[in-house]
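Trainee: Please read through the structure below; I'll follow up with questions.
There are 2 protein chains.
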Amino acid sequence: MLDAIDCKILEILQQDAMVPVATLAEKVGLSSTPCWRRVRKLEDEGLISRRVALVNRRKANVPMTVFVGVKAPRHEAEWLDGFRAMIADVPEIVEAWRLTGETDYLLRIVVPDVDTYDAVYQRMIKKLEFSDMSASIAMEELKFTTAIPTKYIPTK
Amino acid sequence: MLDAIDCKILEILQQDAMVPVATLAEKVGLSSTPCWRRVRKLEDEGLISRRVALVNRRKANVPMTVFVGVKAPRHEAEWLDGFRAMIADVPEIVEAWRLTGETDYLLRIVVPDVDTYDAVYQRMIKKLEFSDMSASIAMEELKFTTAIPTKYIPTK
DNA sequence: CGTGAAAGTCGCTATCC
DNA sequence: GGATAGCGACTTTCACG
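Just so you know, the protein sequences line up as chains A and B, in that order.
When we follow the numbering used here, the leftmost residue of the first sequence carries the number -5, and every step to the right adds one.
When we follow the numbering used here, the leftmost residue of the second sequence carries the number -5, and every step to the right adds one.
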């Protein structure tokens, strides 16, 4: 069971994973060691799964984001296995979700431009059968954060 | 202009931002200092925008992901401003995209359960008018990575 | 569960090839 | 642009309230 200070730590580290423990400790009203112990505990318990570098999409020449709704041609394990393998294989696919509703799956794909998206699309339909694929191009990224709300974490 | 080693560095740091420079240097076949200089350069040029801690959604009690397609009631600046403010205000909204096609905007929302989603939904429609909102619940996260492909970065 | 200080590691700088 | 060496800072541990 965590407390309010742990949540505060998580919020800060979700914004910047590189803050020195001393700075972090000061921000949450602790001294270094207990703060460090808490961070360690959060890592050990898996609440902090890992720390990653975020790369600027535009500067990495993948400014374009495409959302693709996918319908499976048939609902059987074999197709799904192939689909999973494809998703793992294609680095342009950064998110893949199985949904309720009309579209079975939603993919988020990042590419340099439309032509490259088409190339990725061609690669996908060559590997696997689809009953339907509908693409929506993202015109603007209004919000994108890796920080999830901490307010639902049960605190004592 | 970057080179293959820079791309390799980016790939590694996108998986783990905490690797010691010495380890990173070894992996890309360099010694510490030049490797550190490259990392610094990648940060200065903004290719690495920041480093963040990723929090386990389930352990943070927000296992549920909902995608919400939104249609604007009218296309005017005033409504959009309100929409932006709402998105910034609601921490459960972790992604918001303006799209081409039928749905104007796509939101990704993380919550503990359906009841909480409904509470978020009620809060949203109290703040702002919508012409249409359709929610799809994510049943499974097949892939989610913050790592974008490096293969499109122009190299010399 | 907290503080404070000591020890070891690593980031960062300076210097040279 | 790349290697070697040293300093300072930070993480991490230990001993103690």
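Backbone N, C-alpha and C define an ideal beta-carbon position, used for all residues, glycine too.
#1: Against chain A, which members of the region 86 to 111 of chain B pass a CB distance test of less than 9 Å?
#2: Taking only three categories from DSSP, how would you classify residue 3 of chain B?
#3: Cβ closer than 9 Å: which chain B residues qualify as neighbours of residue 8 of chain A?
#4: How many Å lie between residue 3 of chain B and residue 15 of chain B at the Cα?
#5: Is there a C-beta anywhere in chain B that falls below 7 Å from the one on residue 138 of chain A?
#6: If you measure between the beta carbons of residue 86 of chain A and residue 114 of chain A, is that distance less than 7 Å?
#7: Distance, Cα to Cα, residue 136 of chain A vs residue 141 of chain B?
#8: Helix, strand or coil: how does DSSP classify residue 109 of chain B here?
#9: Would you tell me roughly how many angstroms separate the C-alpha atoms of residue 148 of chain B and residue -2 of chain B, rounded to the nearest one?
#10: So which of A/105, A/94, A/35 has the shortest CA-CA distance to residue 143 of chain B?
#11: May I ask which residues mark the beginning and end of the alpha helix (DSSP H) holding residue 163 of chain B?
#12: Are the CB atoms of residue 101 of chain B and residue 56 of chain B within a distance shorter than 7 Å?
#13: In chain B, which residues lie with their C-beta within 7 Å of the C-beta of residue 40 of chain A?
#14: Three or more beta-carbon pairs under 8 Å between the region 72 to 83 of chain A and the region 28 to 45 of chain A, yes or no?
#15: For a cutoff of 7 Å on Cβ pairs, would you count residue 12 of chain A as touching chain B?
#16: Could you pull out every residue in the same chain whose Cβ sits closer than 8 Å to the Cβ of residue 124 of chain A, ignoring the five residues on either side in sequence?
#17: With a threshold of 7 Å between beta carbons, is residue 72 of chain B in contact with chain A?
#18: What residues in its chain sit with their C-beta under 6 Å from that of residue 131 of chain A, if we drop five residues either side in the sequence?
#19: Leaving out the 5 sequence neighbours to the left and right, which residues in its chain are closer than 7 Å to residue 107 of chain B when beta-carbon positions are compared?
#20: Could you tell me which of A/111, A/139, A/12, A/138 sits nearest to residue 45 of chain B, measuring between CA atoms?
#21: Cβ of residue 138 of chain A within 7 Å of Cβ of residue 96 of chain B?
#22: Could you check which residue in A/116, A/47, A/18 has the C-alpha nearest to that of residue 7 of chain B?
#23: Ordered along the chain, which non-local residues of its own chain (more than five positions away) have a Cβ less than 8 Å from that of residue 81 of chain B?
Mentor: On the basis of the data shown:
#1: Taking 9 Å as the Cβ-Cβ cut-off against chain A, the residues of the region 86 to 111 of chain B that qualify are 86, 87, 88, 89, 90, 91, 92, 93, 94, 95, 96, 97, 99, 100, 101, 102, 104, 105, 106, 110.
#2: Assignment of residue 3 of chain B by DSSP, reduced to helix, strand and coil, places it in the helix class.
#3: Here the neighbours are 46, 47, 48, 49.
#4: When rounded, the distance between both Cα atoms is 10 Å.
#5: So yes, residue 138 of chain A belongs to the interface.
#6: The answer is yes: Cβ separation under 7 Å.
#7: So the two alpha carbons sit approximately 19 Å from each other.
#8: Residue state, collapsed to three classes: helix.
#9: Residue -2 of chain B has its alpha-carbon roughly 10 Å from the corresponding atom of residue 148 of chain B.
#10: Here the closest residue by C-alpha is A/105.
#11: What is shown of chain B runs -5 to 150, which leaves residue 163 of chain B out entirely.
#12: Not closer than 7 Å, so no.
#13: Near residue 40 of chain A (Cβ distances below 7 Å), the residues of chain B are 50, 53.
#14: The region 72 to 83 of chain A is not in contact with the region 28 to 45 of chain A.
#15: With 7 Å as the cut-off, residue 12 of chain A counts as an interface residue toward chain B.
#16: Its chain contains 64, 65, 66, 67, 118 as the residues whose beta carbon lies nearer than 8 Å to that of residue 124 of chain A, once the 5 sequence neighbours on both sides are disregarded; these appear in chain order.
#17: Not one chain A Cβ lies under 7 Å of residue 72 of chain B.
#18: Setting aside the 5 residues that flank it on each side, residue 131 of chain A is surrounded in the same chain by 60, each with a C-beta closer than 6 Å to its C-beta; the list follows chain order.
#19: So the list reads 58, once near-sequence residues are dropped.
#20: It is A/12.
#21: No, they are not a contact pair.
#22: Distances from the CA of residue 7 of chain B to each of A/116, A/47, A/18 were compared; the closest alpha carbon is that of A/47.
#23: So the qualifying residues of the chain are 87, 90, 101.
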